[in-house]
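In this note's numbering, the protein residues as written are 22 to 511. Everything on this sheet refers to the single structure shown next.
As structure tokens, this is what we get:
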């Protein structure tokens, strides 16, 4: 219920601003409805930071931002208030493509309208299953938005028309985060695109903290790699291994996180990534980061194998399998033996495996006894599959060996996306899962977050375990006629 507003008009504007800035975001919606004065103050704050997931919400959000001021309350340009925006559709891998193609196209077209008006924009992230148009891409990176310093988008060569009129940089921005993903070959990238990105890299030499330019960046942007002495502020890098041999990466002491984009077949030189703490790679590649005989041991304490990521979504997260065998011993156990040569104890581990094998976890327990986070994406439900596997109840033996473990996640993302689209058989059986949690409590006092499926999670509070975050189907997107008007204007 909106608070009483008697006498608001007589309060100093500075005080009203302070009230809105100190209010929790959930309360701002009610405050904005109080009266015109509060609305004029709260609305810019509400629109300054936007974080929207799932296609329906993204569609509605971008549609609002693209609306002309004449169609908004008080004739305001809502896009002009945006400072940070993140749009992410986690269900893109399991959505019906034919049903979702048109909404995605409309989102993309509306971003073409809204982004140039975001004059306060500092950070733009769009992870929806489409590629940015030439117009949106160049607006983000060519300097027309004076404050932007973070971009995370997908682009494709065929979207970046190689024409004489391709936009040139106005005043090349200095980025802190630059992630431009594409899936095609570097030779298809137009010349103006390569020149523009090389200019951005040069301008961002001292500020860049996170960098990912997709596969073949080694070939596409050699002019930058050979002219830039170093990136002294860089902490996160996703790149091909051969890029590390370029002059721009002769000094990699600042890098703490590295994700491999290609396959490694040889040991890294000892001077590369000496302070690496987090690595994302295939299981067989881990040995190249933690060689048996090395004067300096990299302090790796976070390992993500096969890009395993847990999400409470219809597809259960993401993964990329390079070399998964039926048994832990064939891949994971053998790979993790390299931890004996790490300069730090492992605290976070994410893996993709065929089945739950407690015996193999117990064999590795001397290397995992300080683990705080464990994610396993399984092909088969615990207790099922060829030659069986252990049930979730068997994990009590492991918990006794991991006294610091506070997060334990099992994902059914593989069967959801590859094996018929169904979660584990017990995914909605809360009574079954609650019995397992009761057993866990007898062996662990540190567990606070547990999931046995990507359908929902368990959180431990003062009065016990509580389920939360149950996945629901995305809402259907229905047009009210404005979409047709937009298409006619194109």
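Glycine included, C-beta positions come from ideal geometry on N, C-alpha and C.
**Study point:** 8 Å CB neighbourhood of residue 294 in its chain, flanking five on each side removed
**Key:** What you label residue 294 is simply residue 273 of the chain shown in a count that begins at 1. Same-chain partners within the cutoff: 265, 273, 276, 279, 310 and 319.
Practice item. Confirm, please, whether the CB-CB distance from residue 103 to residue 162 is below 8 Å. Key: Taking the chain shown and counting its residues from 1, the one referred to as residue 162 is at position 141. Taking the chain shown and counting its residues from 1, the one referred to as residue 103 is at position 82. Between residue 162 and residue 103, the gap from beta carbon to beta carbon reaches 8 Å or more.
Review point. With which residues is residue 259 paired in a DSSP beta bridge?
Key: Stepping through the chain shown from its first residue, residue 259 is reached at position 238. Paired residue(s): 233 and 280.
Exercise for review: Determine the closest residue to residue 297 out of 316, 330, 256 and 285, with distance taken between C-alpha atoms.
Suggested key: As a working note, residue 297 is residue 276 in the chain shown. If we check each option's Cα against that of residue 297, 256 comes out closest.
**Study point:** Nonlocal neighbours in the same chain, by C-beta distance under 6 Å from residue 192, ignoring five residues either side
**Key:** Along the chain shown, read from residue 1 onward, the residue named residue 192 stands at position 171. The residues are 164.
Point to revise | As assigned by DSSP and simplified to three states, the class of residue 95 | key: Against the chain shown, residue 95 aligns to sequence position 74. If DSSP states are grouped into helix, strand and coil, residue 95 belongs with the helices.
Practice item. Classify residue 491 as helix, strand or coil using the three-state DSSP reduction. Key: Translated into positions along the chain shown, residue 491 becomes position 470. Coil, per DSSP.
Check your understanding: Is it the case that the Cβ atoms of residue 254 and residue 223 are separated by a distance below 8 Å?
Key -> Against the chain shown, residue 254 aligns to sequence position 233. Against the chain shown, residue 223 aligns to sequence position 202. No, the pair does not count as a contact, with Cβ atoms beyond the cut-off.
Exercise for review: Taking only runs that begin and end inside the segment 410-458, name each unbroken beta strand (DSSP E) of 3 or more residues, in chain order.
Suggested key: 428-432
Point to revise | Among 437, 328 and 461, the one whose alpha carbon lies nearest that of residue 259 | key: Sequence index remark: in the chain shown, residue 259 carries index 238 (1-based). Closest by alpha carbon: 328.
Review point. For the segment 357-369 against the segment 334-342, are there 3 or more C-beta pairs whose distance is under 8 Å?
Key: no
Point to revise | Residue interval of the alpha helix (DSSP H) (run including residue 243) | key: Numbered from its first residue, the chain shown carries residue 243 at position 222. Where residue 243 is concerned, the enclosing alpha helix (DSSP H) stretches over 243-248.
Exercise for review: Throw me the rounded Cβ distance for the residue 83 and residue 128 pair, which I believe falls under 8 Å.
Suggested key: For this step, residue 83 is matched to residue 62 along the chain shown. For this step, residue 128 is matched to residue 107 along the chain shown. Contact holds; Cβ gap of about 5 Å.
Exercise for review: Specify the secondary structure class of residue 203 as computed by DSSP and reduced to three states.
Suggested key: Locating residue 203 in the chain shown gives position 182, counting from the first residue. Coil, per DSSP.
Check your understanding: If we ignore side chains and look at the alpha-carbon of each, how far apart do residue 332 and residue 106 end up?
Key -> One-based indexing of the chain shown puts residue 332 at position 311. One-based indexing of the chain shown puts residue 106 at position 85. Roughly 20 Å separates the two Cα atoms.
Check your understanding: Would you report the Cα separation of residue 242 and residue 252, rounded to the nearest angstrom?
Key -> Looking up residue 242 in the chain shown gives position 221. Looking up residue 252 in the chain shown gives position 231. Whole-angstrom Cα-Cα distance: 15 Å.
Review point. Quick check: the segment 437-456 against the segment 418-425, are there 3 or more CB pairs under 8 Å?
Key: no
Exercise for review: Out of 315, 437, 303 and 445, state which residue places its alpha-carbon closest to the alpha-carbon of residue 290.
Suggested key: On the chain shown, position 269 is the one that residue 290 refers to. Ranking the options by Cα distance to residue 290, first place goes to 315.
Review point. If you drop the 5 nearest sequence neighbours on each side, which residues of the same chain put their C-beta closer than 8 Å to that of residue 490?
Key: The residue you call residue 490 lines up with position 469 of the chain shown. Excluding positions up to five away in sequence, the list reads 333, 477 and 478.
Point to revise | Helix, strand or coil at residue 117 [DSSP, three-state] | key: The residue you call residue 117 lines up with position 96 of the chain shown. Confidence in residue 117 is poor, its pLDDT being 49 and thus under 50, which makes the residue's placement unreliable; the coordinate value appears in the next sentence. Residue 117: coil per DSSP, three-state reduction.
Review point. Whose CA, out of 401, 111 and 456, lies closest to the CA of residue 431?
Key: One-based indexing of the chain shown puts residue 431 at position 410. The shortest Cα separation from residue 431 among 401, 111 and 456 belongs to 401.
Point to revise | Helix, strand or coil at residue 107 according to DSSP, with G and I counted as helix | key: Taking the chain shown and counting its residues from 1, one reaches residue 107 at position 86. Here residue 107 sits in strand by DSSP.
Exercise for review: Can you tell me which of the three DSSP states residue 359 falls into?
Suggested key: By 1-based counting over the chain shown, the position of residue 359 is 338. Three-state DSSP puts residue 359 in a helix.
Point to revise | For residue 59, the first and last residue of its enclosing alpha helix (DSSP H) | key: Sequence index remark: in the chain shown, residue 59 carries index 38 (1-based). Here the alpha helix (DSSP H) through residue 59 covers 57-69.
Point to revise | 8 Å Cβ cutoff met for residue 383 and residue 399 | key: As a first step, residue 383 is located in the chain shown; it is residue number 362 there, counting from the start. As a first step, residue 399 is located in the chain shown; it is residue number 378 there, counting from the start. It is not a contact, given that the beta carbons lie outside the stated cut-off.
Check your understanding: Which residues in the same chain as residue 135 place their Cβ atom closer than 6 Å to its Cβ, once the five residues preceding and following it in sequence are excluded?
Key -> If you number the chain shown from 1, residue 135 lands on position 114. Here the set comprises 86, 87 and 100.
Exercise for review: Would you kindly check if the distance between the Cβ of residue 475 and the Cβ of residue 411 is under 8 Å?
Suggested key: The residue labelled residue 411 in the question sits at position 390 within the chain shown. The residue labelled residue 475 in the question sits at position 454 within the chain shown. No, these two residues do not count as a Cβ contact at 8 Å.
Check your understanding: Contact check, residue 196 vs residue 229 under 8 Å by CB: the rounded distance?
Key -> Counting from 1 along the chain shown, the entry for residue 196 is found at position 175. Counting from 1 along the chain shown, the entry for residue 229 is found at position 208. The beta carbons of residue 196 and residue 229 sit about 6 Å from each other, so the pair counts as a contact at 8 Å.
**Study point:** Exposed unless 16 or more other CB atoms sit within 10 angstroms - verdict on residue 403
**Key:** Along the chain shown, one-based indexing puts residue 403 at 382. Counting every other CB atom within 10 Å of its CB across the protein chains shown gives residue 403 a total of 16 or more, marking it as buried.
Review point. Which residue's Cα is closest to the Cα of residue 512: 284, 307 and 340?
Key: With the chain running from 22 to 511 in the structure shown, residue 512 is simply not present.
Exercise for review: Using beta-carbon positions only, say whether residue 173 and residue 146 come within less than 8 Å of one another.
Suggested key: Taking the first residue of the chain shown as 1, we reach residue 173 at position 152. Taking the first residue of the chain shown as 1, we reach residue 146 at position 125. Yes, they are a contact pair.
Check your understanding: Relative to the C-alpha of residue 373, which residue among 388, 324, 415 and 63 is closest?
Key -> Residue numbering aside, residue 373 sits at position 352 when the chain shown is read from its first letter. Closest option to residue 373, Cα to Cα, is 324.
Review point. Just the Cα atoms here: how many angstroms apart are residue 439 and residue 340?
Key: Mapped onto the chain shown, residue 439 falls at position 418. Mapped onto the chain shown, residue 340 falls at position 319. If you take the alpha carbons of residue 439 and residue 340, they lie about 12 Å apart.
Review point. How would you write the range of the alpha helix (DSSP H) that residue 161 sits in, first residue to last?
Key: For the purposes of this step, residue 161 is taken as residue 140 along the chain shown, with counting starting at 1. Looking at the DSSP string, the run of the alpha helix (DSSP H) that includes residue 161 is 155-162.
Exercise for review: Compute the Euclidean distance between the alpha carbons of residue 238 and residue 213, then round it to the nearest angstrom.
Suggested key: Indexing the chain shown from 1 puts residue 238 at position 217. Indexing the chain shown from 1 puts residue 213 at position 192. One C-alpha to the other measures close to 15 Å.
Review point. Anyone know if the C-beta pair for residue 368 and residue 405 falls short of 8 Å?
Key: If you number the chain shown from 1, residue 368 lands on position 347. If you number the chain shown from 1, residue 405 lands on position 384. No, these two residues do not count as a Cβ contact at 8 Å.
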